[in-house]
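Converting from the sequence shown to this note's numbering requires adding 27 to each position, the first position being numbered 1. By construction, the Cβ of each residue, glycine as well, lies at the ideal position given by its N, Cα and C atoms. Note that the coordinates shown come from a computational prediction; the quantities given were computed from them, not determined experimentally.
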Amino acid sequence: MELETGQCTVMEMKKENVKELAQILKTVIFKDFGMVYAFPTGLKITVDDGAFQQANAFLNSAFFSDFKVREDSISLKLPVKTIYEFLSIPEGHTNSVKLSYSGMFEPLKLLIEEVDGCIIRGKFNSSIADQELDFEFDDSAVPVTYLLKTQVLKDIFKDLDDTSRIVKVRFSKTSLCFTTFGEVGETTVSIPSRSLQMESVKCTEEVEYTYLSSLMQRMTAAFALASKLILRVDERGVLSCQFSIDHGEGRTSYIEFLTVPTDESEE
């Protein structure tokens, strides 16, 4: 792919299904800007709020019909929410999009080709990527790990009391419990380990942490798109939710949310 100036790109990719890419991006855009990291093996999109939560989308090269990165790594800061809105312009699953980037401080160029031949072009200014927020999730100190289907949590999160500022989560060998403290009172919903929705449980210690409801609700789009979830918590209470999205034909992408607990109480 050549740019209009004839300058060769350092990164180019093509996705046959624009909507599939837009859906992935939608799961992580709780802020206007995010970091895009490109490697010869795939793409990582990172969005964080600078303090309490980080979302990562991992797309390997097989997710795209064409994928070329001509440097060991490329890091960009981009208006990811605006790019999502651009990708959402066409309807249906048969439209394709080409992405190209020619180097530092150059814009990311997108070209959508609709099935009827209509062309939509977009240029999005890039800047040097900010330093990535490191939550220091400790993989060596994880007292609880659940592997479960996302449908049950999708239903639970949809029905969480939106008047409650916090969600208390109790992680144990026998169940996973969510408690809210809203205007109507205290409500607890539990998923027993014997549930068909729970595929496996590894628990060495029962723990309980509290998270801001607003942060938990940011995962709603990922719950809707994914089929399975690995839910872990480390000894500091940092919550890791790793969503697995099956695109068929052996293609899988992953969404990860890291969330810091809060000291707020129900009072």
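For glutamine 50, count the other beta carbons within 10 Å of its own beta carbon; 16 or more makes it buried, fewer makes it exposed. Which is it? By the neighbour-count rule (16 or more Cβ atoms within 10 Å), glutamine 50 is buried.
Within its chain, find whatever has a CB closer than 7 angstroms to the CB of glutamate 29; leave out the 5 residues flanking it on each side and keep chain order. At glutamate 29 the pLDDT is 41, less than 50, meaning the model places this residue with poor confidence; the figure from the coordinates comes in the next sentence. Cβ neighbours of glutamate 29 beyond the five flanking positions: Cys35.
According to DSSP, simplified to helix, strand and coil, what is phenylalanine 250? helix
Would you give the residue range spanned by the beta strand (DSSP E) that glutamine 80 belongs to? 80-87
Excluding five sequence neighbours on each side, which residues of the same chain lie with their C-beta closer than 6 angstroms to the C-beta of tyrosine 64? Short of 6 angstroms from the beta carbon of tyrosine 64, and not among the five residues preceding or following it, lie these beta carbons of its own chain, in chain order: Lys71, Ser102.
DSSP beta-bridge partners for threonine 109? BP columns for threonine 109 are empty, so no partner.
Hey, how far is the Cα of glutamate 98 from the Cα of phenylalanine 91? Taking the straight line from one Cα to the other gives about 18 angstroms.
What are the start and end residues of the beta strand (DSSP E) that includes glutamine 244? From DSSP, glutamine 244 is part of no beta strand (DSSP E) but of the alpha helix (DSSP H) over 240-244.
On the premise that glutamine 224 lies in contact with valine 179, defined as a C-beta separation below 8 angstroms, what is that separation, rounded to the nearest angstrom? That belief holds up - the Cβ atoms of valine 179 and glutamine 224 are roughly 4 angstroms apart, short of 8 angstroms.
Would serine 220 and lysine 200 be called neighbours here (beta carbons separated by less than 8 angstroms)? yes
Given tyrosine 238 as reference, the closest of Ile257, Ser267, Ile218 once Cα atoms are compared: Ser267
Nearest to leucine 138 (by Cα), restricted to the options Asn122, Ser129, Asn152: Asn122
First and last residue of the beta strand (DSSP E) that includes glutamine 269? 266-275
Starting from isoleucine 56, trace the beta strand (DSSP E) both ways and give me its first and last residue. No beta strand (DSSP E) holds isoleucine 56; DSSP gives it neither H nor E.
Please confirm if arginine 278 has its CB atom under 8 angstroms from at least one CB of chain D. In the structure shown, chain D does not exist; there is a single protein chain.
In the stretch 142-182, which residue ranges form an unbroken alpha helix (DSSP H) of at least 4 residues, counting only runs that do not cross its ends? none
Cutting at 6 angstroms between CB atoms, please list the residues of its own chain near histidine 120, excluding the five before and the five after it. Asn44, Lys46
Run of the beta strand (DSSP E) containing glycine 69, from where it starts to where it stops: 69-75
When we look at the beta-carbon of glycine 275 and count the other beta-carbons within 10 Å, is it buried (16 or more) or exposed? By the 16-neighbour rule on beta-carbons within 10 angstroms, glycine 275 is exposed.
Rounded to whole angstroms, what is the Cα-Cα separation between leucine 256 and tyrosine 281? Distance between the alpha carbons of leucine 256 and tyrosine 281 is about 10 angstroms.
With distances taken from CA atoms, which of Lys42, Lys104, Ala82 is nearest alanine 89? Lys42
If you drop the 5 nearest sequence neighbours on each side, which residues of the same chain put their C-beta closer than 6 angstroms to that of aspartate 165? Within the same chain, and ignoring the five residues on either side of aspartate 165 in sequence, the residues whose Cβ sits closer than 6 angstroms to its Cβ are Asp261.
Cα-Cα separation, glycine 61 to aspartate 143: So the alpha carbons of these two residues sit roughly 32 angstroms apart.
Contacts around alanine 253, its chain only, beta-carbon distance under 7 angstroms, and the 5 residues preceding and following it disregarded: Thr177, Phe270, Ser271, Ile272, Ile282
Just verifying my parser: in three-state terms, what is the DSSP assignment at lysine 41? strand
CA-to-CA distance, aspartate 182 to glutamate 233, given in whole angstroms: 24 angstroms
Give me, in chain order, the residues of the same chain whose beta-carbon lies closer than 7 angstroms to that of phenylalanine 113; leave out the 5 immediate sequence neighbours on both sides. Leu137, Gly149
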